[in-house]
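**Student:** For reference, the structure I am asking about is given below.
Residue numbers (this note's numbering): 171 to 317.
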């Protein structure tokens with residue numbers, strides 16, 4: 171009987187440690203920008219989040235995103251963001267429910283963000299984007315065809 175309680179306690183502690191590792195937040199800030207092209211940031215569009223809750227949205231979006239099969243051939247992204255020293259190209263527009271991203275170093279793989287995280291990401295972008303989330307700007311190649 172006593173061994174059962176001890177094993178149960180060990181398993182509970184191990185699960186708690188795993189949970190703390192998986193759901194940890196290690197960054198102090200996330201920086202996002204509007205993009206004109208794959209490698210060209212639109213001037214004066216930097217958005218910075220310092221709140222742990224806001225950073226958690228980006229961390230969980232990246233950590234728990236679904237990897238899409240195949241190689242991607244996609245247009246320039248509307249946004250990019252930096253997290254853990256990596257740059258991600260973010261495809262988020264108000265007229266679409268789906269939010270996707272590509273790691274800039276491995277641009278052949280597209281990841282789809284879960285619905286809950288996508289909604290939260292779009293809310294953060296809406297709040298922080300001074301120009302207006304999804305609003306085309308003069309000369310922006312990223313928004314060709316946006317209506």
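Glycine residues also receive a C-beta, built at the ideal position from the N, C-alpha and C atoms.
Taking 8 angstroms as the cut-off, does the segment 275-285 touch the segment 295-307 (at least 3 CB pairs, one atom from each stretch)?
**Tutor:** As far as the Cβ criterion goes, the segment 295-307 does not touch the segment 275-285, which means the pair count is below three.
**Student:** Below 8 angstroms, how does it come out for the segment 195-204 and the segment 250-259: are there three or more Cβ pairs, yes or no?
**Tutor:** Yes, the segment 195-204 is in contact with the segment 250-259.
**Student:** How long is the line joining the alpha carbons of residue 163 and residue 267, rounded to whole angstroms?
**Tutor:** Here the chain has residues from 171 to 317 only, and residue 163 is not among them.
**Student:** Of the residues 280, 197, 173 and 278, which one's Cα is nearest the Cα of residue 222?
**Tutor:** Looking at the Cα atoms, 197 is the closest of the given residues.
**Student:** In whole angstroms, what separates the C-alpha of residue 172 from that of residue 188?
**Tutor:** For residue 172 and residue 188, the distance between alpha carbons rounds to 25 angstroms.
**Student:** So residue 261 is in the beta strand (DSSP E); what residue range does that whole segment cover?
**Tutor:** Counting along the chain, the beta strand (DSSP E) containing residue 261 begins and ends at 256-261.
**Student:** Counting C-beta neighbours from all protein chains within 10 Å, is the total for residue 301 16 or more, i.e. buried, or is it exposed?
**Tutor:** Its Cβ having fewer than 16 others within 10 Å, residue 301 is exposed.
**Student:** Going by the beta-carbon positions, is the gap between residue 291 and residue 262 smaller than 8 angstroms?
**Tutor:** Contact: yes.
**Student:** Would the segment 269-278 and the segment 228-236 be scored as touching if the rule is three or more Cβ pairs under 8 angstroms?
**Tutor:** The segment 269-278 is in contact with the segment 228-236.
**Student:** What is the residue span of the beta strand (DSSP E) that residue 269 lies within?
**Tutor:** Taken as a continuous stretch (DSSP letters only), residue 269 belongs to no beta strand (DSSP E), as it is neither H nor E.
**Student:** Determine the contact status of residue 265 and residue 304, defining contact as a CB-CB distance below 8 angstroms.
**Tutor:** Result yes, Cβ atoms of residue 265 and residue 304 sit closer than 8 angstroms.
**Student:** So what's residue 233 in DSSP terms, helix, strand or just coil?
**Tutor:** Helix, per DSSP.
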